[in-house]
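Data block below; observations after.
Numbering (my numbering), first residue to last: 165 to 479.
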């Protein structure tokens, strides 16, 4: 709905009066910063770029599962993923029939609906895997769904296949580096970056590939923020009844983001990004955006790094 009426939606989420009405009618916290909807979805762009067709060629190939945030809100993130992978000689396939991960539905207990969504996604992704593709995603909650939640909903061979061939995109690129195949032609970037490891990734892997990738960029100084959970917990922190508790839970992270040594935040999780920008004007970006900027394949991302977040809208 919001994508069709993006201009009105984006105006509404930035208007305090309309946000007060939304809080009273929907329970959405009035003071919570929210992401603006893009004018056009990433999947539409992918179709225009002919990424919606699987390749029969040999070599490293990934199928990109985008989920909601990269599809509708931060389309530049999704484009950065595609361009970074292609820059490293990876073939990218973006099936436009894919649905969202249904992570929020699972969290809210709507398992019947989540099972239907999971079945559609598993069918698409399993078919791609049989053609030699590895599944990558930029959303940690989506990676958790594909690798752990879906097998609990659908006990079949296709679901197990998807679970065993899904990686966070930073994990995929770090493995590429360990194989000596990652392009290291980075342009120096003079930024002090605060990195937050999302809880979902902490549960899925025992190291921090996103942080490691950033340390490869000349001039980038990474400060790992060890303050526990961001406090967002998916949709939990969006609700007015949970808003204050969410901020209290994430106060360690929020206060660190105000440190003068940190110029920009970075994290793989869209919910954590929203929390990290709450109460500060500093932007928080996905590590892939910083990689794309350092590769000089998306110079337009510099504007987001230098810009300040708005009162009720994240960068």
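Just so you know, even glycine gets a beta-carbon here, dropped at the ideal spot from N, CA and C. Since the structure is predicted, the reported quantities are computational estimates derived from the model, not experimental observations.
The beta carbon of residue 205 is closer than 8 Å to those of 167, 235, 236 and 239 in its chain, skipping five residues each way along the sequence. By the CB criterion at 8 Å, residue 473 and residue 441 fall inside the cutoff. As the crow flies, the alpha-carbon of residue 323 is around 35 Å from that of residue 170. If one requires a minimum length of 4 residues, the alpha helix (DSSP H) runs lying completely within the region 397-447 are 407-413, 415-421 and 434-440, in chain order.
In the same chain as residue 352, and ignoring 5 residues on each side of it, the C-beta atoms closer than 7 Å to its own belong to 382 and 383, in chain order.
Among the bridge pairs identified by DSSP, residue 358 is matched with 387 and 429. Take residue 437, set aside five residues on each side of it, and the residues of its chain with a beta-carbon closer than 7 Å to its own are 431, 448 and 478, in chain order. The shortest C-alpha to C-alpha distance from residue 393 to any of 458, 375 and 412 is the one to 412.
For residue 192, the beta-bridge partners assigned by DSSP are 403. Around residue 359, the same chain offers 375, 386, 388 and 430 as residues with beta carbons nearer than 6 Å, after the five sequence neighbours per side are excluded. Burial is judged here by how many other beta carbons sit within 10 angstroms of a residue's own beta carbon; residue 406 has at least 16 and is buried. Under DSSP, residue 247 forms no beta bridge with any residue.
Your pair residue 378 and residue 451 checks out as a contact, with CB atoms roughly 6 Å apart and the cut at 8 Å. Note on residue 231: 16 or more other CB atoms within 10 angstroms of its CB, so buried under the neighbour-count rule. The straight-line gap separating the alpha-carbon atoms of residue 210 and residue 260 is approximately 8 Å. Here residue 477 carries a strand assignment [DSSP, helix/strand/coil]. Contact between the region 190-203 and the region 261-277 is absent: fewer than three C-beta pairs spanning the two stretches fall below 8 Å. Looking at the DSSP output, residue 201 shares a beta bridge with no other residue. Contact check for residue 256 against residue 215 passes: the beta carbons are separated by less than 8 Å. Residues of the same chain with a CB within less than 6 Å of the CB of residue 308, apart from the 5 flanking positions on each side, are 364 in chain order. Your pair residue 427 and residue 336 does not check out as a contact, with CB atoms roughly 27 Å apart and the cut at 8 Å. Beta-bridge analysis with DSSP links residue 332 to 301.
The C-alpha of residue 371 is placed about 12 Å away from the C-alpha of residue 339.
In this structure the region 450-470 touches the region 239-248; the number of beta carbon pairs closer than 8 Å is three or more. Contact annotation: residue 254 and residue 226 have beta-carbon atoms nearer than 8 Å. Residue 256 has 226 as its beta-bridge partners, per DSSP. Cα atoms of residue 302 and residue 329: separation of roughly 15 Å, rounded to the nearest angstrom. Secondary structure at residue 317: helix, using DSSP grouped into helix, strand and coil.
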